[in-house]
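Visitor: Each residue of the sequence shown is one higher than the last, beginning at 106 in our numbering. For each residue, glycine too, the CB sits at the ideal point set by N, CA and C.
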Amino acid sequence: MSEAPEHPPVGKTFRFPDGYYACRIDWAGSPPKSPFAILTAWNPMDSRRSDSWNRMADRHLHHLLVRAGAEPVRATTCAMDGSHAEPGWAVALPLDTVLRIARRFHQRAIWWSDACQLHLVACSDGHRETVGPALPGN
Numbered sequence: 106m107s108e109a110p111e112h113p114p115v116g117k118t119f120r121f122p123d124g125y126y127a128c129r130i131d132w133a134g135s136p137p138k139s140p141f142a143i144l145t146a147w148n149p150m151d152s153r154r155s156d157s158w159n160r161m162a163d164r165h166l167h168h169l170l171v172r173a174g175a176e177p178v179r180a181t182t183c184a185m186d187g188s189h190a191e192p193g194w195a196v197a198l199p200l201d202t203v204l205r206i207a208r209r210f211h212q213r214a215i216w217w218s219d220a221c222q223l224h225l226v227a228c229s230d231g232h233r234e235t236v237g238p239a240l241p242g243n
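#1: Can you check which of these residues, D201, A180, I143, P192, is closest to M161 by C-alpha distance?
#2: When burial is assigned at 16 or more other CB atoms within 10 Å of the CB, is D163 buried or exposed?
#3: Would you identify the three-state DSSP class for P238, choosing helix, strand or coil?
#4: Using 8 Å for Cβ pairs, my map puts C183 next to D131. What's the rounded Cβ distance?
#5: What are the boundary residues of the beta strand (DSSP E) that includes A162?
#6: Roughly how many whole angstroms lie between the Cα atoms of R129 and M185?
#7: Quick check on this structure: which residue in A220, L198, E176, H211 has the alpha carbon closest to the alpha carbon of A146?
#8: For L204 and S218, what's the separation of their Cα atoms in angstroms?
#9: On the DSSP bridge assignment, give the partners of R233 in chain order.
#10: May I ask you to list the residues that DSSP assigns as paired with T250?
#11: What residue does the beta strand (DSSP E) around C183 start on, and which one ends it?
#12: Measure from the alpha carbon of L166 to the alpha carbon of each residue in T181, L144, R154, then state which is nearest.
#13: Report the option in T202, W158, R153, G231 whose CA atom is closest to the CA atom of R172.
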């Protein structure tokens, strides 16, 4: 199994690590209207951090999302086998805004759900892979 480079070159196609595809999303509320993104501040570039560090980054992310005009809804992405989970936020903000914010937290990718499909979008260059049907939104 090959892993994506740490920072893929702009304009080059790359493959996200396999764990990015096999996951579920647990909601703590109703998803926002489509289109919306799900992003996290946990474990930048897949580097494990302490729970206290991750919680602090999560609070900072929430603050920035609210300041950008979003009404964040808790959305936790989880490995299908339950071995890993990362709390994040679902927000109805423009994709470029979400990517800019996610880059501040050194995230590899965000989820983007439009009216028809769910995409995994690379924060480095906006590379987008369609992974399934859109997530239900209001």
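Guide: Taking the geometry as given:
#1: Minimum Cα distance to M161 is reached at P192.
#2: With 16 or more other Cβ atoms within 10 Å, it is buried.
#3: Reduced to three states, the DSSP call for P238 is strand.
#4: Right, the Cβ-Cβ distance comes to about 6 Å (below 8 Å), so this counts as a contact.
#5: No beta strand (DSSP E) holds A162; the alpha helix (DSSP H) holding it covers 156-172.
#6: If I take the Cα positions, the gap works out to 6 Å.
#7: Residue H211 is the option with its Cα nearest to A146.
#8: Taking the straight line joining both Cα atoms gives about 14 Å.
#9: Beta-bridge pairing links R233 to V226.
#10: The structure shown has nothing for residue 250, since the chain only spans 106 to 243.
#11: 178-184 is the extent of the beta strand (DSSP E) around C183.
#12: Nearest of T181, L144, R154 to L166, Cα basis: L144.
#13: Among T202, W158, R153, G231, the Cα nearest to that of R172 is on T202.
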